[in-house]
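Colleague: Going by this note's numbering, the sequence shown opens with residue 29, and the numbers climb by one from there.
Using N, Cα and C, we set each Cβ at its ideal position, and we do this for glycine too.
Computed from a prediction, not measured in an experiment: that's the story for all the values here.
Pasting a structure below so you can have a look.
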Amino acid sequence: MSNTPQSAPRHVAGQSGSSAPRNNKRVLVVDDEKDLLDLLTYNLQRNGYDVVTSQNGIDALEVAVKEEPDLILLDLMLPGLAGTEVARRLKADPRTAQIPLVMLTAKGEETDVVVGLTLGADDYITKPFSMKILLARLSVVLRRSDPPIVPSDSVMLRAGPLSIDSSRHEASVNGEAMKLTLTEFKLLSALVQARGRVLSRDQLMDKAMGNDVFVTDRAIDVHVTAIRKKLGGASYLIHTVRGVGYKLQESRDEESEE
29 MSNTPQSAPR HVAGQSGSSA PRNNKRVLVV DDEKDLLDLL TYNLQRNGYD VVTSQNGIDA
89 LEVAVKEEPD LILLDLMLPG LAGTEVARRL KADPRTAQIP LVMLTAKGEE TDVVVGLTLG
149 ADDYITKPFS MKILLARLSV VLRRSDPPIV PSDSVMLRAG PLSIDSSRHE ASVNGEAMKL
209 TLTEFKLLSA LVQARGRVLS RDQLMDKAMG NDVFVTDRAI DVHVTAIRKK LGGASYLIHT
269 VRGVGYKLQE SRDEESEE
């Protein structure tokens, strides 16, 4: 953590002198280390991104609302307002809740990753990191966040009190809308489509995040826990098969193993 002042100014950076095509995606980078911030800005610009920067949490929350970025790259080790609290507020604000969030953490500890994923982050990157890998993972997260191309004859998926509308990317329980992250929506949809078949954590990972992204089994468990919480009284729908993975059940007969 550096001693960068809390009032460090933000800026919107256009593409620098690079032949990379513009991709019309804007990334908000939040990090108090100016050298790293400049390095990330330079590399993102060279790869066609517009970049918005912030060096503290309070400012980042304001920029996220004002600039409406397509993705937020957030350092968890911020001065003042901690990165985990910034993540919590971003996901609690309907104006920013659906913006994909990727965490940067220097600790490399499972606890930090679990906390961030629980708050709704889509991915994490541990410092030090390869710039090529970071750019690739941001690209994957952005692809996952693009609205899916759904056939005009798409149907509503139902399981007990749960309804999933794939064309609208919406899920509801007993008619009440669920506020799911994109990853959570894909995981829940995969389980419903499997119709009682057990899906391993690797299979769920591939369906929700693609096979070019690696996350730990614990990360999948955290997402499933978050989905169960949002299902409320219908949490029984997701059944844990110990040592294997998860499956959908439409009755309360089977006890789910945590």
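Between the C-alpha atoms of serine 158 and alanine 120, what's the straight-line distance to the nearest angstrom?
Modeller: 31 Å
Colleague: DSSP state of leucine 170, grouped into three classes?
Modeller: helix
Colleague: Kindly list the residues whose CB is nearer than 8 Å to the CB of arginine 116, restricted to its own chain and excluding five residues on each side of it in sequence; keep chain order.
Modeller: Leu147
Colleague: For arginine 256, I'd like the list of residues in its chain whose CB is within less than 6 Å of its CB, leaving aside the five on either flank, ordered along the chain.
Modeller: Ser263, Ile266
Colleague: As a quick exercise: from Lys62, Ser173, Ala236, Met184, pick the residue whose alpha carbon is nearest that of proline 97.
Modeller: Comparing Cα-Cα distances from proline 97 to each of Lys62, Ser173, Ala236, Met184, the minimum goes to Ser173.
Colleague: Keeping to the same chain, check which residues put their C-beta closer than 7 Å to that of glutamate 138; ignore five residues upstream and five downstream.
Modeller: Arg246
Colleague: Check whether the segment 187-197 and the segment 106-113 touch, using three or more Cβ-Cβ pairs below 8 Å as the test.
Modeller: Cβ pair count under 8 Å is below three, so no.
Colleague: For glutamate 90, does the count of other Cβ atoms within 10 angstroms reach 16, so buried, or fall short, so exposed?
Modeller: exposed
Colleague: State the Cα-Cα distance for the pair leucine 166 and tyrosine 274, rounded to the nearest angstrom.
Modeller: 27 Å
Colleague: Which runs of the alpha helix (DSSP H) spanning at least 4 residues fall entirely within the segment 205-268, listed in chain order?
Modeller: 210-222, 229-237, 245-259
Colleague: Mapping DSSP to helix, strand and coil, what is alanine 134?
Modeller: Correct three-state label for alanine 134: coil.
Colleague: Give me the DSSP bridge partner(s) of alanine 187.
Modeller: Leu190
Colleague: Report back the beta-carbon spacing between leucine 259 and valine 201 to the nearest angstrom; my notes put them in contact at under 8 Å.
Modeller: 6 Å
Colleague: In terms of alpha-carbon separation, which member of Arg186, Asp249, Glu278, Pro189 lies closest to arginine 270?
Modeller: Asp249
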